[in-house]
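Colleague: In the working numbering, each number is its position in the sequence shown, counted from 1, plus 1315.
Backbone N, C-alpha and C fix where the C-beta goes; we use that ideal spot for every residue, glycine too.
Just so you know, these numbers come straight off a predicted model, no measurement behind them.
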Amino acid sequence: MSNNLTIVEHPLIEHKLTLMREKTASTASFRRLLREISMLLAYEVLRDLKMETIEIETPVAPMKARTIQGKKVCFVSVLRAGDGLLQGLLDLVPVARVGHIGLYRDPVSLKPVSYYNKLPDNMNERTTVVVDPMLATGGSAAAAVAEVKKAGAQDVRFLSLVAAPEGFDAFHAVHPDVPVFTAAMDERLNEKSYIVPGLGDAGDRLFGTK
Ligand code: PRP
Ligand code: URA
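#1: Three-state secondary structure (DSSP) at residue 1427?
#2: Could you tell me the distance, in whole angstroms, from the CA atom of residue 1484 to the CA atom of residue 1361?
#3: For residue 1392, which residues in the same chain have their Cβ closer than 6 Å to its Cβ, ignoring the five residues on either side in sequence?
#4: May I ask you to list the residues that DSSP assigns as paired with residue 1415?
#5: Relative to the ligand PRP, what is the chain-ordered list of residues with a Cβ closer than 7 Å to any of its non-hydrogen atoms?
#6: Within its chain, find whatever has a CB closer than 7 Å to the CB of residue 1437; leave out the 5 residues flanking it on each side and keep chain order.
#7: Which of the three DSSP states, helix, strand or coil, is assigned to residue 1441?
#8: Looking at the structure shown, is residue 1420 part of a helix, part of a strand, or coil, going by DSSP?
#9: Can you find a heavy atom of the ligand URA that lies under 6 Å from the Cβ of residue 1510?
#10: Are at least three pairs of beta-carbons, each pair with one atom in the stretch 1351 to 1367 and one in the stretch 1322 to 1334, less than 8 Å apart?
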């Protein structure tokens, strides 16, 4: 593993993730906890946004104040489960542009199958955060990042909730320039390439489809 990996550590993140991992967590609480954690993760993933100084007037005096520079940030949600992280990010950065990439992992080959792609324009001028809670084999993450790079994005980060070491290594081999942020690096993948201990199928738990 490399220094392009950040495991975001905070008692609130760990506590909320533990609640999400519990197999008895309801769909409603899983969804709410993911939204809450995504706000805490956003703080770290956007820490190095470029700033500029502008002149403003407070009710008391003029001042030079700092503001985020440049084109609006872009969040790219990998459907479906990425939408669970997206909500909290948009609570924090409501002006962000949003892209969607539809991918599902073929249950037999485990390869990502692409079914949708809608990205904002001027991707080359935006800080782009690709979001998907699960980084298992890394195939979906690598394919999604390849699509945003193809659209011109240069400053790209990947945000997950739970990752597997094998998945991070595979992703990093393909996209060594893309920093990965995650709340947890779990032990391994099982024979079905599910993360162990993980939290199960994130999309199903988020949307109550199983
Ligand atoms: C899950 C998850 C990731 C992918 C991770 O999606 O949200 O996109 O699996 O697995 P990988 O790292 O091995 O590629 P899934 O394919 O289950 O689709 P869904 O979100 O539509 O349920
Ligand atoms: N996708 C999930 O949703 N969970 C896993 O553990 C692996 C892939």
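Modeller: This is what the structure gives:
#1: strand
#2: 23 Å
#3: 1398, 1401, 1415, 1446
#4: 1392, 1433
#5: 1393, 1394, 1395, 1396, 1397, 1418, 1419, 1420, 1425, 1427, 1447, 1448, 1449, 1450, 1451, 1452, 1453, 1454, 1455, 1456, 1482, 1508, 1516, 1517, 1518, 1519
#6: 1386
#7: coil
#8: strand
#9: yes
#10: yes
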